[in-house]
Amino acid sequence: MEITFKDKVVQITGAGSGFGRTAALEFAGAGAKLVLSDVNSAGLDETMSMLNLGDDRAIAVGCDVSNPDDVAQMVKSGIDHFSALDIAINNAGVASELTRIEHISQKDFDLIMAVNVKGVFLCMQQELNQMMAQGSGIIVNVASVAGLIGAPFLAAYAASKHAVVGLTKSAALEYARKNIRINAICPASCHTPMVDAVLQGDKGAKREQDIAGSIPMGRMGTPQEIVSGMMWLCSDQNSFTTGQALAFDGGLSTA
Ligand SMILES: NC(=O)c1ccc[n+]([C@@H]2O[C@H](COP(=O)([O-])OP(=O)(O)OC[C@H]3O[C@@H](n4cnc5c(N)ncnc54)[C@H](O)[C@@H]3O)[C@@H](O)[C@H]2O)c1
Numbered sequence: 308m309e310i311t312f313k314d315k316v317v318q319i320t321g322a323g324s325g326f327g328r329t330a331a332l333e334f335a336g337a338g339a340k341l342v343l344s345d346v347n348s349a350g351l352d353e354t355m356s357m358l359n360l361g362d363d364r365a366i367a368v369g370c371d372v373s374n375p376d377d378v379a380q381m382v383k384s385g386i387d388h389f390s391a392l393d394i395a396i397n398n399a400g401v402a403s404e405l406t407r408i409e410h411i412s413q414k415d416f417d418l419i420m421a422v423n424v425k426g427v428f429l430c431m432q433q434e435l436n437q438m439m440a441q442g443s444g445i446i447v448n449v450a451s452v453a454g455l456i457g458a459p460f461l462a463a464y465a466a467s468k469h470a471v472v473g474l475t476k477s478a479a480l481e482y483a484r485k486n487i488r489i490n491a492i493c494p495a496s497c498h499t500p501m502v503d504a505v506l507q508g509d510k511g512a513k514r515e516q517d518i519a520g521s522i523p524m525g526r527m528g529t530p531q532e533i534v535s536g537m538m539w540l541c542s543d544q545n546s547f548t549t550g551q552a553l554a555f556d557g558g559l560s561t562a
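Residue numbers (this note's numbering): 308 to 562.
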């Protein structure tokens, strides 16, 4: 069964790196029109260069998802340009240092909540406004396996991702009869710049071994595996799934 997104308008936040960049490349390959955003303009430019598409297929919009004006402008730019918003991937996020709760600074806690929770909330508000007006839509929020189970030394991050799951389930129920499907994906660790930053340094190799060892399948995931799941969730072949927090985690949340 081939998944196509021909002429579907897909908006992706955090498209300048990691899962967001992989998603941009894969959705483009499947025929989508893209509204790509990131707070990191260099990363976003690099993704646009890799895509090498004209503005009839892809536009880039600078956006800090924790800033309501930026988010409103991002969604408006996409609609002004492509006249619709079919699929929104709320992917932008930040991680925290591995540390015990007593050492998490209030500043770091506030940043994680602002980007990972408020950012998803602000994006969903603007996206749902448009999707209600057009009478259809699909949203995928990128949570984490740390949104399903406890994550020692990542408490603030885990709290933020549990909140994303709560937002997703509640919104899915609110919009279930409005032809709008809303799901979350919950990946385990994959090599992206976010995770590689945690794996740097003397303890990096040991940490990587520990992560892989904790996953029942015995290895970390790949961005490609996560994006394949994301695309399947957004596809027409999967038209009866809403309100799910779907793990792509090599069995970790089941163990
Ligand atoms: N990599 C993993 O193993 C993993 C596992 C589970 C969940 N996730 C989640 O997947 C998502 C993508 O992570 P990734 O691993 O690709 O990380 P990444 O760091 O490679 O990419 C994240 C992107 O988000 C952008 N971003 C950060 N703050 C932003 C803001 N305020 N506004 C707009 N953009 C912002 C960054 O500039 C970056 O381009 C995140 O939500 C992350 O929590 C990642």
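Virtual Cβ for every residue (Gly too), placed ideally from N, Cα, C.
Residue i and residue j closer than 7 Å at C-beta
{"i": "Ile396", "j": "Ile319", "result": "yes"}
{"i": "Ser560", "j": "Val452", "result": "yes"}
{"i": "Ser467", "j": "Asn423", "result": "yes"}
{"i": "Val471", "j": "Gly444", "result": "no"}
{"i": "Phe312", "j": "Ala337", "result": "yes"}
{"i": "Asn398", "j": "Phe334", "result": "no"}
{"i": "Pro494", "j": "Leu429", "result": "no"}
{"i": "Gln544", "j": "Met308", "result": "yes"}
Rounded C-alpha distance that separates residue i from residue j
{"i": "His469", "j": "Val346", "result": "23 Å"}
{"i": "Ala562", "j": "Phe555", "result": "13 Å"}
{"i": "Ser516", "j": "Ile310", "result": "What sits at residue 516 in the sequence shown is Gln, not Ser. Approximately 35 Å, taken between the alpha carbons."}
{"i": "Ala450", "j": "Ala379", "result": "22 Å"}
{"i": "Ala465", "j": "Ile533", "result": "18 Å"}
{"i": "Ser403", "j": "Met355", "result": "28 Å"}
{"i": "Glu409", "j": "Lys510", "result": "21 Å"}
{"i": "Ala421", "j": "Arg514", "result": "27 Å"}
{"i": "Lys414", "j": "Ala512", "result": "29 Å"}
{"i": "Asp417", "j": "Arg364", "result": "36 Å"}
Chain-order list of residues whose beta-carbon lies under 8 Å from that of residue i (same chain, five-residue window excluded)
{"i": "Arg526", "result": "Ala519, Gly557"}
{"i": "His388", "result": "Val342, Asp362, Ile366"}
{"i": "Leu480", "result": "Gly550"}
{"i": "Ile386", "result": "Leu392, Gln437"}
{"i": "Gly457", "result": "Ala465"}
{"i": "Ser412", "result": "none"}
{"i": "Ser546", "result": "Arg488"}
{"i": "Leu360", "result": "Ala335, Leu341"}
Best match in the options for proximity to residue i [C-alpha to C-alpha]
{"i": "Asp371", "options": "Thr529, Ile419, His410, Phe326", "result": "Ile419"}
{"i": "Glu353", "options": "Thr329, Lys340, Ala483", "result": "Thr329"}
{"i": "Asp377", "options": "Ile533, Leu358, Val427, Lys313", "result": "Val427"}
{"i": "Ser373", "options": "Ser344, Ser384, Ser356", "result": "Ser344"}
{"i": "Thr529", "options": "Ser496, Gly511, Asp509, Asp517", "result": "Ser496"}
{"i": "Val401", "options": "Ala562, Ala479, Val505", "result": "Val505"}
{"i": "Gly321", "options": "Lys315, Val382, Gly350", "result": "Gly350"}
{"i": "Leu553", "options": "Gly457, Gln516, Met501, Val447", "result": "Val447"}
{"i": "Leu435", "options": "Ala337, Met308, Thr475, Glu309", "result": "Thr475"}
{"i": "Gly369", "options": "Asp415, Ser348, Thr311, Leu392", "result": "Ser348"}
{"i": "Ala391", "options": "Thr311, Met381, Gly327", "result": "Met381"}
{"i": "Gly473", "options": "Gln507, Asp503, Met431, Lys414", "result": "Met431"}
{"i": "Leu405", "options": "Asp393, Ser546, Asp503", "result": "Asp503"}
{"i": "Phe548", "options": "Gly457, Met308, Ala483", "result": "The question names Phe, but residue 548 is Thr in the sequence shown. Residue Ala483 is the option with its Cα nearest to Thr548."}
{"i": "Asp433", "options": "Ile456, Gln544, Ile394, Ile411", "result": "For the sequence presented, residue 433 should be read as Gln rather than Asp. The shortest Cα separation from Gln433 among Ile456, Gln544, Ile394, Ile411 belongs to Ile394."}
{"i": "Gln531", "options": "Ser412, His498, Ser546", "result": "His498"}
Residues near residue i in its chain [Cβ-Cβ closer than 7 Å; skip 5 each side]
{"i": "Arg407", "result": "Phe460"}
{"i": "Gly508", "result": "none"}
Neighbourhood of residue i by C-beta, 6 Å cutoff - its chain only, sequence neighbours within 5 removed
{"i": "Ser324", "result": "Gly350, Pro500"}
{"i": "Ala339", "result": "Phe312, Lys315, Val317"}
{"i": "Ser384", "result": "Val368"}
{"i": "Lys425", "result": "Ser373"}
Chain D contact for residue i (CB, 7 Å cutoff)
{"i": "Thr311", "result": "As a matter of chain content, chain D is missing from the structure shown, which is built from one protein chain."}
Cβ contact (3+ pairs, closer than 8 Å) linking the stretch 453-461 and the stretch 520-538:
Because the criterion of three Cβ pairs below 8 Å is not met, the stretch 453-461 and the stretch 520-538 do not touch.
Please confirm if the stretch 531-541 is in contact with the stretch 486-496, defined as three or more CB-CB distances below 8 Å between the two stretches.
Contact between the stretch 531-541 and the stretch 486-496 is present, because at least three Cβ pairs lie under 8 Å.
For the stretch 439-454 and the stretch 474-489, state whether three or more C-beta atom pairs, one from each stretch, are separated by less than 8 Å.
Yes, the stretch 439-454 touches the stretch 474-489.
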